[in-house]
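With the working numbering applied, the sequence shown corresponds to residues 2 to 584, in that order.
Positions of the beta carbon are idealized from the N, C-alpha and C atoms, including for glycine.
In what follows, a structure is listed as structure tokens, so that the remarks can point back to it.
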Amino acid sequence: MAGRIPRNFIDDLIARTDIVDFIDSRVKLKKQGKDYRACCPFHNGNNNSSFSVSSDRQFYHCFNCGASGNVLSFIMEYDGIEFVDAIETLAEQLSIEVPREESGTGKSQPSSYVDRKDLYQLMADIAVFYQQQLRSHKNSQKVINYLKGRGLSGQTVKDFKIGYAPDGWDEVRKRFAVSSDLEKQLIEAGMLISKEKSGSYDRFRDRLMFPIHDRRGRVVGFGGRVLGDTEPKYLNSPETPLFHKGKELYGLYQVKQAYKEIKRVLVVEGYMDVVALGQFGIDYAVASLGTSTTPDHIQQLFRHTSEVICCFDGDKAGKAAAWRALENALPFIQDGRTLRFMFLADGEDPDSYVQKEGKEAFENLIEQALPLSDFLFQHLLNQVDMSIADSKAKLAQLAIPLISKLPETVFRQMMEDRLITLLGIDKEGLNKLLPAATASSKTDKRQKVTPMRLAISVLLQHPGIAYGLPEFPEFKEMTLPGISLLNSILEICRVTPNITTGQLLERWREKPEGKQLNKLAVWKNDIKEEYYEAFFLDTLENFLNFHVTNKIEFLKQKARSGQALTNAETQQLALLLAEQKQN
2 MAGRIPRNFI
12 DDLIARTDIV
22 DFIDSRVKLK
32 KQGKDYRACC
42 PFHNGNNNSS
52 FSVSSDRQFY
62 HCFNCGASGN
72 VLSFIMEYDG
82 IEFVDAIETL
92 AEQLSIEVPR
102 EESGTGKSQP
112 SSYVDRKDLY
122 QLMADIAVFY
132 QQQLRSHKNS
142 QKVINYLKGR
152 GLSGQTVKDF
162 KIGYAPDGWD
172 EVRKRFAVSS
182 DLEKQLIEAG
192 MLISKEKSGS
202 YDRFRDRLMF
212 PIHDRRGRVV
222 GFGGRVLGDT
232 EPKYLNSPET
242 PLFHKGKELY
252 GLYQVKQAYK
262 EIKRVLVVEG
272 YMDVVALGQF
282 GIDYAVASLG
292 TSTTPDHIQQ
302 LFRHTSEVIC
312 CFDGDKAGKA
322 AAWRALENAL
332 PFIQDGRTLR
342 FMFLADGEDP
352 DSYVQKEGKE
362 AFENLIEQAL
372 PLSDFLFQHL
382 LNQVDMSIAD
392 SKAKLAQLAI
402 PLISKLPETV
412 FRQMMEDRLI
422 TLLGIDKEGL
432 NKLLPAATAS
442 SKTDKRQKVT
452 PMRLAISVLL
462 QHPGIAYGLP
472 EFPEFKEMTL
482 PGISLLNSIL
492 EICRVTPNIT
502 TGQLLERWRE
512 KPEGKQLNKL
522 AVWKNDIKEE
532 YYEAFFLDTL
542 ENFLNFHVTN
552 KIEFLKQKAR
562 SGQALTNAET
572 QQLALLLAEQ
582 KQN
């Protein structure tokens with residue numbers, strides 16, 4: 002198994018990518034002064050210039066939501082993928098291979114990057130195997146008859162790459178677990194289940210198989226449906242290094258392939274719903290994978306579209322699932338974003354309804370879907386009797402925590418106005434009821450100004466000012482807060498020409514200091530750019546002078562206390578006094 006991705010490769014990968022060009026390919030940027038601006042893709046507010054990308058620093062920052070980082074950070078946040086996958090994405094775009102380090106023992110170090118690469122290939126091979134079994138297995142006619150009975154055409158089955166898991170206990174194991182390492186990988190990927198003593202067996206047996214693709218089109222898991230009435234009707238892949246059901250949406254990759262600009266996305270509850278709707282030309286449906294619609298789902302959907310419609314059964318369970326989706330969505334509702342809810346009659350699901358009534362009838366129901374505001378207040382008003390005066394207090398108690406989750410937008414103001422009307426109070430009265438935390442969250446938490454913070458922020462924003470500087474061994478002796486961090490940054494900058502802010506910050510990814518450094522990298526420190534170098538060098542000199550003064554005072558105090566100085570200390574004191582006199 003190959004080893005870790007070398008640090009110098011990651012640095013080179015960032016250096017070879019222009020962050021402006023990369024981000025502009027996904028979010029259209031406009032030149033504004035030295036930098037480039039856009040509407041932030043991470044909170045989608047109505048400020049078209051809050052998101053800034055610096056060509057000089059190779060760094061982005063949103064002045065509203067605080068999102069910031071280098072090109073790898075952008076890929077991770079925008080695509081919703083992890084670090085090693087972001088490296089792979091960038092390397093593929095540059096058509097270069099990702100190297101791996103070998104350890105000193107001759108054996109390679111484990112690497113999540115390589116593990117995943119192998120797992121992705123295994124999952125892709127298994128998906129092909131299932132598709133082949135659908136055509137060639139002895140039970141294939143039974144499966145095909147089932148699909149026809151569900152109204153699915155051969156083309157639809159092909160489009161969604163639907164397959165069949167044979168009814169044996171070791172069909173996948175026999176073909177793919179040809180070594181103990183591969184067997185472990187298949188267990189890790191959720192395709193095999195370990196036996197108590199030894200060995201393993203197939204997780205999916207005699208089921209219709211729906212491959213689940215991630216945002217890049219890679220197979221990360223499967224959903225398996227029984228052909229009869231046995232339970233469980235659906236069996237999903239477990240949580241694995243590749244598959245997290247709270248983050249993935251079945252069918253989203255296909256929607257992205259079908260539309261360059263996605264006007265709307267319909268969220269349904271099952272695989273068959275997505276497939277049946279797709280066959281009828283409603284090819285913008287996705288399904289949550291055996292879980293409620295999570296905040297990650299909502300955030301991911303709004304990155305691709307401005308309109309989301311959640312479709313649920315009209316029974317009690319469906320209404321409860323819709324309410325959970327609403328609560329999870331509130332922090333992500335911005336002006337220009339629409340979330341609506343549609344409910345089908347008891348006993349109906351999107352699959353059955355579209356098969357009976359057709360595309361036009363189903364899309365008419367979509368157009369009648371309830372806006373979030375209507376669903377929220379209908380749900381709350383069902384819990385109170387507004388003819389009773391005291392019930393207004395209960396309504397306020399229920400509604401205010403929900404409205405407080407909304408960002409400061411025109412939509413929130415409209416929701417507050419609607420609540421004011423229902424409660425029969427004025428705006429001032431509502432403001433008294435709103436939690437104090439809402440107001441305090443708006444305050445600007447400014448960085449405390451200290452010479453050390455200023456020095457680090459200047460160096461992060463203009464790392465070239467330190468190139469060629471000598472070493473400062475005195476910094477390793479100092480006990481000033483932050484001096485070791487400054488020295489670590491300084492040691493990199495003084496020997497690395499043309500290093501950018503984005504490359505520099507990459508060294509502190511996932512380290513405790515990383516978040517603070519990101520903030521300092523965009524801190525408006527009120528120092529004019531033409532004075533950056535002079536200020537920085539003066540600050541370093543002040544630190545050194547402070548150290549010399551303290552060292553002299555320490556040695557003098559030792560002598561005054563009656564302790565004899567060693568010869569080395571006596572010589573050091575003389576040198577320090579001479580140095581202080583020169584300064």
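| Check | Outcome |
| --- | --- |
| Would you identify the three-state DSSP class for residue 343, choosing helix, strand or coil? | strand |
| Between the C-alpha atoms of residue 110 and residue 85, what's the straight-line distance to the nearest angstrom? | Model confidence at residue 110 stands at a pLDDT of 42, short of 50, so the residue's coordinates are unreliable and nothing is read from them. |
| State the beta-bridge partners of residue 210 as determined by DSSP. | 164, 225 |
| Measure the beta-carbon distance from residue 266 to residue 309 and round it to whole angstroms, keeping in mind my assumption that it falls under 8 angstroms. | 5 angstroms |
| Report yes if the C-beta distance between residue 250 and residue 288 is below 8 angstroms; otherwise report no. | yes |
| Any idea what DSSP makes of residue 260, helix, strand or coil? | coil |
| Identify, in the order they occur along the chain, each residue of the same chain with its Cβ nearer than 7 angstroms to the Cβ of residue 397, setting aside the five sequence neighbours on each side. | 424, 434 |
| What separation, rounded to the nearest whole angstrom, lies between the Cα atoms of residue 312 and residue 370? | 9 angstroms |
| Helix or strand or just coil, what does DSSP make of residue 15? | helix |
| Since residue 147 and residue 210 should fall inside the 8 angstroms C-beta cutoff, what is the C-beta to C-beta distance between them, to a whole number of angstroms? | That pair is no contact at about 13 angstroms. |
| Pick helix, strand or coil for residue 285, following the three-state DSSP scheme. | coil |
| Reducing DSSP to helix, strand and coil, say where residue 83 ends up. | coil |
| Quick one, which of 192, 290, 155, 472 has its alpha-carbon nearest residue 245's? | 290 |
| Please check if any C-beta of chain B sits within less than 8 angstroms of the C-beta of residue 95. | In summary, chain B is missing from the structure at hand, where a single protein chain is found. |
| Distance check for residue 503 and residue 562, CA to CA, integer angstroms please. | 51 angstroms |
| Shortest alpha-carbon distance to residue 496 belongs to which of 343, 228, 219, 465? | 465 |
| Strictly by DSSP, which residues pair up with residue 372? | 341 |
| How close, in whole Å, do the beta carbons of residue 76 and residue 68 come, if the pair is a contact with beta carbons under 8 angstroms? | Contact doesn't hold; Cβ gap of about 13 angstroms is too wide. |
| State buried or exposed for residue 555, treating a residue as buried only when at least 16 other CB atoms are found within 10 Å of its CB. | exposed |
| Could you check which residue in 331, 286, 385 has the C-alpha nearest to that of residue 363? | 286 |
| Decide yes or no for the touch test of the segment 162 to 176 against the segment 90 to 105: beta carbon pairs closer than 8 angstroms, at least 3 of them. | no |
| Report yes if the C-beta distance between residue 400 and residue 373 is below 8 angstroms; otherwise report no. | no |
| Among 197, 202, 198, which residue has its Cα nearest to the Cα of residue 187? | 202 |
| Can you tell me whether residue 63 is helix, strand or coil according to DSSP? | strand |
| Check this for me: beta carbons of residue 39 and residue 28, under 8 angstroms apart or not? | yes |
| Have a look at 82, 57, 24 and flag the residue whose alpha-carbon is nearest the alpha-carbon of residue 36. | 57 |
| Can you tell me whether residue 326 is buried or exposed, with buried defined as 16 or more other CB within 10 angstroms of its CB? | buried |
| Using three-state DSSP, classify residue 58 as helix, strand or coil. | coil |
| Taking all protein chains shown into account, decide if residue 343 is buried (16 or more other Cβ within 10 angstroms of its Cβ) or exposed. | buried |
| Do the segment 190 to 198 and the segment 119 to 133 touch if we need at least three Cβ pairs shorter than 8 angstroms? | yes |
| Tell me whether the beta-carbon of residue 408 lies closer than 8 angstroms to the beta-carbon of residue 335. | yes |
| Rounded to whole angstroms, how far is the Cβ of residue 54 from the Cβ of residue 6, which I believe are closer than 8 angstroms? | Contact flag wrong, Cβ pair sits at about 25 angstroms. |
| Would you mind stating whether residue 80 and residue 216 have Cβ atoms separated by less than 8 angstroms? | yes |
| When the Cα of residue 225 is compared with those of 484, 305, 237, 264, which residue comes out closest? | 237 |
| Here's the rule: buried if 16 or more other CB atoms are within 10 angstroms of the residue's CB, otherwise exposed. What is residue 294? | buried |
| Using only alpha-carbon positions, find the residue among 339, 575, 518, 479 that is nearest to residue 454. | 518 |
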